[in-house]
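To convert a position in the sequence shown, counted from 1, into the numbering used here, add 216.
A virtual CB, placed ideally from N, CA and C, is assigned to each residue, including glycine.
Keep in mind the model is a prediction, meaning the values are calculated, not measured.
What follows is a single structure, written as structure tokens, with notes after it.
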Amino acid sequence: MISFLGTWAGLICGFGGFLTAIAALLYARARVAEFERSVSDLDWQQVSELSLDVAKLKKAAQKWQNNANAQEKVSQKDLLEQALMQRMMQQQPNIQQLRKLEM
């Protein structure tokens, strides 16, 4: 009796899995059909040109950002050097320049 119920439970689970797979297949087919309807009147040549334009704009933006980052790095380096020079001048204010005297 137990094996009989186990067999029926297995068959019912298998049938449920089969129905779930069929439902997933029909859902995917409906999604693909909807996508095909939405792109049926699309001009693919224009889409490819737009994608090239986007790629060019992205590359230009990256170059601009790299240049801005390089400029910021240089300005930070200059500020650091100026601060270091001011600090050195504050620490040694009494040093006079040596003059070359001829004898």
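| Query | Result |
| --- | --- |
| Coarse secondary structure for Ser256, derived from DSSP in three states | coil |
| DSSP-derived helix/strand/coil call for Gln308 | coil |
| Euclidean distance between Cα positions of Ala284 and Ser267 | 26 Å |
| Any C-beta of chain D under 8 Å from that of Lys279 | Here chain D cannot be found, since the structure has a single protein chain. |
| Alpha-carbon spacing of Leu306 relative to Lys293, whole angstroms | Note that residue 306 corresponds to Gln in the displayed sequence, not to Leu. Near 20 Å, if we compare the C-alpha coordinates of Lys293 and Gln306. |
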